[in-house]
Amino acid sequence: MIRAKTHGCQTGAWSLYRMENGKEYRRCYHSPAPLYRWVIGFAKEQRLEPTPAEAVLWAALRNRQVAGAKFRRQHVIDRYVVDFVCLAARLVVEVDGAVHDLPEQKAWDAFRSTVLVQLGFEVIRFRNDDVLLSLPAVLETIRQHLKQST
183 MIRAKTHGCQ
193 TGAWSLYRME
203 NGKEYRRCYH
213 SPAPLYRWVI
223 GFAKEQRLEP
233 TPAEAVLWAA
243 LRNRQVAGAK
253 FRRQHVIDRY
263 VVDFVCLAAR
273 LVVEVDGAVH
283 DLPEQKAWDA
293 FRSTVLVQLG
303 FEVIRFRNDD
313 VLLSLPAVLE
323 TIRQHLKQST
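Sequential numbering of the sequence shown, starting at 183, is according to the numbering used here.
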């Protein structure tokens, strides 16, 4: 197999491959194939066991209920699983629990957000308590970010 050309997909990882016999095919690897397969499996597990805050926010975001935007949950971008993403607006929404208060987790979150920003996404974060206790305010913030991205 000879790698012929790279094209940008939603997350910037489409590749066009040309076989020795001349046939071409496209594949979207968001990260190296073995890692991507593992991350996809992890994302599926995460979708099966959402936190209470993620479940509440997903009920409000699904089916284009917020500004007509289509959101995906536990979606793979590069080698990371983001809680929610609107690909059309390039908006990532993360819901953080208490573990995100730890210094090492804060550093990891900052690094991960930097990578996502470099890939062209805007990242907004909410605390679990904000989602559970102030859902209308959270949804309004998301609406504002969606308006800014169009």
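We treat Cβ as the ideally placed atom computed from N, Cα and C, and that holds for glycine.
Query, Result
"Whole runs of the beta strand (DSSP E) within the stretch 248–321, excluding any shorter than 3 residues", "254–259, 262–268, 273–278 and 304–309"
"DSSP three-state assignment for E231, whether helix, strand or coil", "coil"
"CB contact flag (N310, G279, <7 Å)", "yes"
"Residue from P285, V258, G223 and Q228 whose Cα sits closest to the Cα of L301", "V258"
"Rounded distance between the beta-carbons of E236 and V277, thought under 8 Å", "5 Å"
"Same chain, Cβ closer than 8 Å to R272, neighbours up to 5 away in sequence not counted", "G302, F303, E304 and S331"
"Straight-line Cα distance separating G223 from F308", "25 Å"
"Backbone CA spacing between L230 and I324 [nearest angstrom]", "24 Å"
"Near the ligand PLP: K252 beta-carbon under 6 Å from a heavy atom", "The ligand PLP is absent from the structure shown, which contains no ligands of any kind."
"Closest residue to E322 among L243, P234 and R219 (Cα-Cα distance)", "L243"
"Same chain only: Cβ atoms within 7 Å of D291, ignoring 5 sequence neighbours per side", "H282"
"Buried or exposed (CB count within 10 angstroms, at least 16 for buried), L239", "buried"
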